[in-house]
Amino acid sequence: MAAWGERLAGVRGVLLDISGVLYDGGEDGGSPIPGSVEAVARLKRSRLKVRFCTNESQKSRGNLVGLLRRLGFDISEGEVTAPAPAASLILKERGLRPHLLVHDGVRSEFDQNDTSNPNCVVIADAGEAFSYQNMNKAFQVLMELENPVLISLGKGRYYKETSGLMLDVGAYTKALEYACGIEAEVVGKPSPEYFRSALKEMAVEAHEAIMIGDDIVGDVGGAQRCGMRALQVRTGKFRPSDERHPEVKADGYVDNLAQAVDLLLQHADK
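Going by the UniProt record's numbering, the residue at position 198 of the sequence shown is 198; the numbering climbs one at a time, nothing skipped.
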C-alpha cells in the first residue's frame with residue numbers, strides 16, 4: 001500500500017460517518033468513541049471542509065444533532081446529510097404518498113408528506129416496530145400497487161450500540177424485495193446520489209474528498225464508487241475480516257477517528 005502522503009495528497013473535504021465513528025449509540029443515548037470529540041474539533045479548526053454523512057434513521061436530524069452536542073461534539077444541523085429529509089424531498093418531487101415503516105423518532109421528518117392512500121412504502125430502521133404485523137402491512141401495500149415503489153433509508157446489515165451489534169434496515173428491505181419481486185430504491189449510503197449530494201454541499205469534487213467510516217461496504221465501497229478515497233476505522237461495526245474483504249479494499253485502515261485526523265492534518269491538502 002502506498003505511503004500515507006501519497007494516499008491523502010490533495011484532500012480538501014472530509015465526510016464523516018457518525019454511528020461507529022463519532023459515537024456508539026445506546027439506550028442511555030450512547031457514548032463518544034475515545035478521542036472523537038477532539039478529533040472533530042481539530043478537523044473543524046483546519047482548512048479542510050467537513051460534512052457529516054449518516055444513515056441514521058431512528059432519530060430526526062435535529063434530535064441526532066442535539067444528542068451529539070450533548071456528548072460534546074461541535075456540530076450543527078446544516079452540516080449533516082441524513083436520509084430521512086432527503087427521502088421526504090424525493091417523495092414531494094415525485095408525488096409519492098408513503099406508507100411509513102419507520103421508527104417513531106424519525107416520523108416527524110415526513111410531516112409535510114401526504115400519507116393518505118399510499119402509492120409507495122418507505123422503510124427505515126424501525127427498531128421494535130419491525131413486527132410481523134407491520135412488515136406484512138408494508139408487503140400488502142406494495143402488492144396492491146400496479147407499479148410498487150419501495151424506498152429504503154439505507155441498506156445496512158447491522159450497526160453497533162453500547163450493548164452490542166444490532167440488526168439494521170437492510171435485512172428487512174431484502175425481505176420485502178424478495179417477497180414482492182422488486183428492488184428497493186436506496187436513499188442513503190451506499191447510493192451514489194447520496195454521496196454526490198454531500199459533495200455538492202461541501203463544494204468539493206469527488207477526487208478531493210475522503211470518507212471515514214466503519215462500514216466496509218456502505219461507507220468505503222460506496223464512496224470509492226463515486227471517485228472518493230475512503231478510510232475504515234477499527235471502531236463501531238468494524239470486523240478484522242473487513243481488511244480481507246473480497247470486493248472492497250479501503251485506501252487505509254486506522255484504529256479510530258483520532259488517528260485518521262492525525263494523518264489527514266499531516267498529509268492532506270498538500
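Don't be surprised by glycine CBs; every beta carbon is placed ideally from N, CA and C. Note that the coordinates shown come from a computational prediction; the quantities given were computed from them, not determined experimentally.
Bridge partners of Val-80 according to DSSP: Phe-52. With 16 or more other Cβ atoms from the protein chains shown falling within 10 Å of its own Cβ, Gln-232 counts as buried. DSSP places Met-211 in the strand class (E or B) of the three-state scheme. For Gln-259, the enclosing alpha helix (DSSP H) stretches over residues 257 to 267. A residue is called buried when at least 16 other Cβ atoms come within 10 angstroms of its Cβ; Tyr-132 does not meet this threshold and is exposed. The region 27 to 39 and the region 159 to 169 touch, with no fewer than 3 CB-CB distances between them shorter than 8 Å. In this chain, the alpha helix (DSSP H) harbouring Pro-192 covers 192 to 202. In this model, Leu-176 and Glu-208 are separated by some 37 Å (Cα to Cα). Using a Cβ distance threshold of 7 Å, Ala-206 and Cys-226 count as a contacting pair. By the Cβ-count criterion, Tyr-172 is buried, with 16 or more other Cβ atoms from all chains shown falling within 10 Å of its own Cβ.
The count of Cβ pairs closer than 8 Å, one atom from the region 210 to 223 and one from the region 184 to 191, reaches three, so the stretches are in contact.
Each of Phe-73, Arg-61, Cys-53, Gly-62 was checked against the Cα of Ser-36, and the nearest Cα belongs to Phe-73. In the structure shown, Ala-230 adopts extended strand secondary structure according to DSSP, grouped into three states. Given a length threshold of 3 residues, each whole run of the beta strand (DSSP E) inside the region 113 to 141 is given here in chain order: 120 to 123.
Minimum Cα-Cα distance from Ser-46 among the listed residues Arg-244, Gly-236, Glu-243, Val-11 corresponds to Val-11. Rounded to the nearest whole angstrom, the C-alpha separation of Met-228 and Ile-210 is 6 Å. In the displayed model, Leu-96 falls within coil according to three-state DSSP, outside both helix and strand. Within the same chain, Cβ atoms closer than 7 Å to the Cβ of Asp-114 are found at Arg-97, the five residues on either side in sequence being excluded. Closest by C-alpha distance to Gly-127, out of Met-202, Ser-116, Asn-136, Leu-101, is Leu-101.
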